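Engineer: Chains as they are written, first to last, in my numbering: chain A, 1 to 113; chain B, 114 to 226.
Ideal Cβ positions, reconstructed from N, Cα and C, are used throughout, including at glycine.
Only a predicted model underlies this, so the values are computations on that prediction, with no experimental measurement involved.
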Amino acid sequence: NAGVMQNPRHLVRRRGQEARLRCSPMKGHSHVYWYRQLPEEGLKFMVYLQKENIIDESGMPKERFSAEFPKEGPSILRIQQVVRGDSAAYFCASSGSGANVLTFGAGSRLTVL
Amino acid sequence: ELKVEQNPLFLSMQEGKNYTIYCNYSTTSDRLYWYRQDPGKSLESLFVLLSNGAVKQEGRLMASLDTKARLSTLHITAAVHDLSATYFCAVDLGIQGAQKLVFGQGTRLTINP
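Below you can see the structure in the form of structure tokens.
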């Protein structure tokens, strides 16, 4: 079991470009979460998805950020027109139904120049 | 709004010593998690505490939960260098079955030989 797979691990973008971060949950897991970690801080919840459904997006910025988890393929976190403040580590986590523990991926570190 | 506060935020200690990290939270919850993060890495689940009075131990680490006091502790016994890392507690808001975790700021632990 390869665990939660995220890519790219590192991404550099210039201001105004788009960033796409991908997450494949653990085999058998149908719940996906995205968290953001700013330097020297704890993780902050962004969004919770199940296949083809956004369940809770209360932590997502209102503009420029979107997430999806299609029927086939990985979950994608998309950031349009990136700004320097978007520089952070973005972690994906997954769980199975009724599970108590999230399994985190290795993270995608976004740097905006 | 749920707040999760850890203290200390920075801890430097010698090998062989004992110490405790505290995690206070501001609202009712009976699910609390402890994670370890090494620099540039993902989060590794250490403990899941699911009820008042829960105590779990793994090696030199022991975690406990007092839901009435809204306090969890992570106790380190006879520290060794390998335990150097950042430790996060996280409280589960548990809304609609989602694992919406609110993280503390993290405690950066450095263990010196």
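1) Using a Cβ-Cβ distance under 7 Å, would Ala2/A count as near chain B?
2) Please list, in chain order, the residues of the segment 116-134 of chain B that have any C-beta partner in chain A closer than 7 Å.
3) Do you know offhand how far Val88/B's Cα is from Val117/B's?
4) On the criterion of 16 or more Cβ atoms from any shown chain inside 10 Å, does Pro25/A qualify as buried, or is it exposed?
5) Along the chain, where does the beta strand (DSSP E) that runs through Ser158/B open and close?
6) Would Ile79/A and Ala19/A qualify as a contact pair, given that the criterion is a beta-carbon distance under 7 Å?
7) Please state whether DSSP places Asp56/A in a helix, a strand or coil.
8) Residues of chain A with CB closer than 9 Å to the CB of Leu214/B, please, in chain order.
9) Establish whether the CB of Ala106/A and some CB of chain B are separated by less than 7 Å.
10) Taking Val83/A as the reference, give the member of Val4/A, Gln6/A, His10/A, Gln17/A with the closest Cα.
11) Check whether the Cβ atoms of Asn225/B and Gln119/B sit closer than 7 Å, and answer yes or no.
12) Would you kindly work out how many angstroms separate the C-alpha atoms of Ser142/B and Glu171/B, rounded to a whole number?
13) Counting only beta-carbon separations shorter than 7 Å, does Gly166/B have a partner in chain A?
14) Using beta-carbon positions only, say whether Gly96/A and Gly28/A come within less than 7 Å of one another.
15) Give the secondary structure of Leu21/A by DSSP, where H, G and I count as helix, E and B as strand, and everything else as coil.
16) Candidates Tyr132/B, Lys154/B, Arg144/B, Thr133/B: which alpha carbon is nearest Arg9/A's?
17) Please report the straight-line C-alpha distance between Thr140/B and Val47/A, rounded to a whole angstrom.
18) Give me the Cα-Cα distance between Leu251/B and Ala67/A, rounded to the nearest whole angstrom.
19) Any idea if Gln37/A is buried or exposed, counting beta-carbon neighbours within 10 angstroms, 16 or more meaning buried?
20) Round the Cβ separation of Arg13/A and Leu110/A to the nearest angstrom and send it over; I've been treating them as touching at under 8 Å.
21) What residue from Asp195/B, Gln212/B, Leu206/B has the CA that sits closest to Asp151/B's CA?
Structural biologist: Reading from the atomic positions:
1) With 7 Å as the cut-off, Ala2/A does not count as an interface residue toward chain B.
2) none
3) Coverage of chain B is limited to positions 114 through 226, which leaves residue 88/B absent and any answer about it impossible.
4) buried
5) 156-162
6) yes
7) Here DSSP, grouped into helix, strand and coil, assigns Asp56/A to strand.
8) Tyr33, Tyr35, Leu43, Phe45, Ala93, Leu102
9) Yes, its Cβ sits closer than 7 Å to a Cβ of chain B.
10) Gln17/A
11) no
12) 23 Å
13) no
14) yes
15) strand
16) Measuring from the Cα of Arg9/A, the nearest candidate turns out to be Lys154/B.
17) 21 Å
18) In the structure as shown, chain B begins at 114 and stops at 226. Residue 251/B is therefore absent and cannot be evaluated.
19) buried
20) 7 Å
21) Asp195/B
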